[in-house]
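Chemist: Heads up, the final residue of the sequence shown is numbered 247 in the working numbering, and it's a clean run with no missing numbers. Here a beta-carbon is modelled for each residue, glycine too, at the ideal position from N, C-alpha and C. Here it is, the structure, as structure tokens.
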Amino acid sequence: MANFKFLNSEQSYYALKQIILALAVGEEEYQFEHRDLHLGNILIEYTNKKHVICTFKNSKLTVLSKGVNVTIIDYTLSRITINDCCYFNDLSRDEELFQATGDYQYDVYRMMRNEVKNNWSSFSPKTNIIWLSYVIVKVLDSVKYKSINTKVHRMYINKIKELQNIIMTFESASQCANYLFNLN
Numbered sequence: 064m065a066n067f068k069f070l071n072s073e074q075s076y077y078a079l080k081q082i083i084l085a086l087a088v089g090e091e092e093y094q095f096e097h098r099d100l101h102l103g104n105i106l107i108e109y110t111n112k113k114h115v116i117c118t119f120k121n122s123k124l125t126v127l128s129k130g131v132n133v134t135i136i137d138y139t140l141s142r143i144t145i146n147d148c149c150y151f152n153d154l155s156r157d158e159e160l161f162q163a164t165g166d167y168q169y170d171v172y173r174m175m176r177n178e179v180k181n182n183w184s185s186f187s188p189k190t191n192i193i194w195l196s197y198v199i200v201k202v203l204d205s206v207k208y209k210s211i212n213t214k215v216h217r218m219y220i221n222k223i224k225e226l227q228n229i230i231m232t233f234e235s236a237s238q239c240a241n242y243l244f245n246l247n
């Protein structure tokens with residue numbers, strides 16, 4: 064995502080919805096937390112498919128692609144439970160990770176450590192929300208767009224800002240997906 068150039072913010076908004084839904088499915092199925100969702104770990108490619116379809120809480124959900132498909136990579140710092148076995152990276156041993164400065168990304172690591180109370184085996188889906196807040200900030204401030212002087216672009220920038228204003232009120236990507244897809 065760091066080097067991808069979106070057509071406009073409508074594309075990036077639907078990419079965000081794909082990211083949220085992917086994390087939500089992981090939380091529900093595997094108590095999954097990515098824990099390192101900087102822009103380099105989000106791959107974006109153009110697609111001709113009109114929709115992205117997935118199953119979330121036994122419901123088939125369809126997300127408009129708007130011409131982009133998202134793939135989340137690099138699970139080195141992730142946490143997951145498979146067959147009642149928890150797999151995680153004990154980040155309490157990596158103090159250097161929490162001392163870096165210069166970008167919001169490094170604040171996110173510290174916020175995450177506070178959230179899990181330095182117990183990295185615990186399932187704390189709020190960490191996915193913390194990373195989503197980071198991604199939203201980057202979508203608004205750092206990603207590149209081809210067409211910024213359009214009504215559509217301005218409208219979706221406002222939608223992304225609305226999401227930015229409420230993202231930290233969610234306890235999990237699953238809860239956020241429930242809200243975005245009107246599942247409650």
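Hey, Val126 and Gln74: beta-carbon distance below 8 Å or not?
Modeler: Here residue 126 corresponds to residue number 63 of the sequence shown, with the count starting at 1. Here residue 74 corresponds to residue number 11 of the sequence shown, with the count starting at 1. Not in contact: Val126 and Gln74 (Cβ atoms no closer than 8 Å).
Chemist: Decide if the region 86-94 is in contact with the region 213-222; the criterion is three or more beta carbon pairs, one per stretch, under 8 Å apart.
Modeler: Result no; under three Cβ-Cβ pairs closer than 8 Å.
Chemist: Work out the CA separation of Phe244 and Ile230 for me, nearest whole Å.
Modeler: Residue numbering aside, residue 230 sits at position 167 when the sequence shown is read from its first letter. Residue numbering aside, residue 244 sits at position 181 when the sequence shown is read from its first letter. So the alpha carbons of these two residues sit roughly 14 Å apart.
Chemist: Pick from Ala65, Ser187, Asn71 and Gln168: whose alpha carbon is nearest that of Ser210?
Modeler: Translated into positions along the sequence shown, residue 210 becomes position 147. If we check each option's Cα against that of Ser210, Asn71 comes out closest.
Chemist: Here's the rule I'm using: 16 or more other beta-carbon atoms within 10 Å means buried, otherwise exposed. How should Ser184 be labelled?
Modeler: Here the question's residue 184 lines up with position 121 in the sequence shown. Exposed, by the Cβ-count rule.
Chemist: Assuming Tyr77 and Val131 are in contact, meaning their beta carbons sit under 8 Å apart, how far apart are those beta carbons, in whole angstroms?
Modeler: Start at 1 with the first residue of the sequence shown, and residue 77 comes out as number 14. Start at 1 with the first residue of the sequence shown, and residue 131 comes out as number 68. About 7 Å; that satisfies the 8 Å criterion.
Chemist: Verify whether the separation of the beta carbon atoms of Tyr172 and Phe161 is less than 8 Å.
Modeler: Counting from one through the sequence shown, the residue named residue 172 turns up at place 109. Counting from one through the sequence shown, the residue named residue 161 turns up at place 98. Closer than 8 Å, so yes.
Chemist: Can you round the beta-carbon distance between Met175 and Ile193 to whole angstroms, since I take them to be within the 8 Å contact cut?
Modeler: Stepping through the sequence shown from its first residue, residue 175 is reached at position 112. Stepping through the sequence shown from its first residue, residue 193 is reached at position 130. With a Cβ gap of about 6 Å, Met175 and Ile193 count as contacting.
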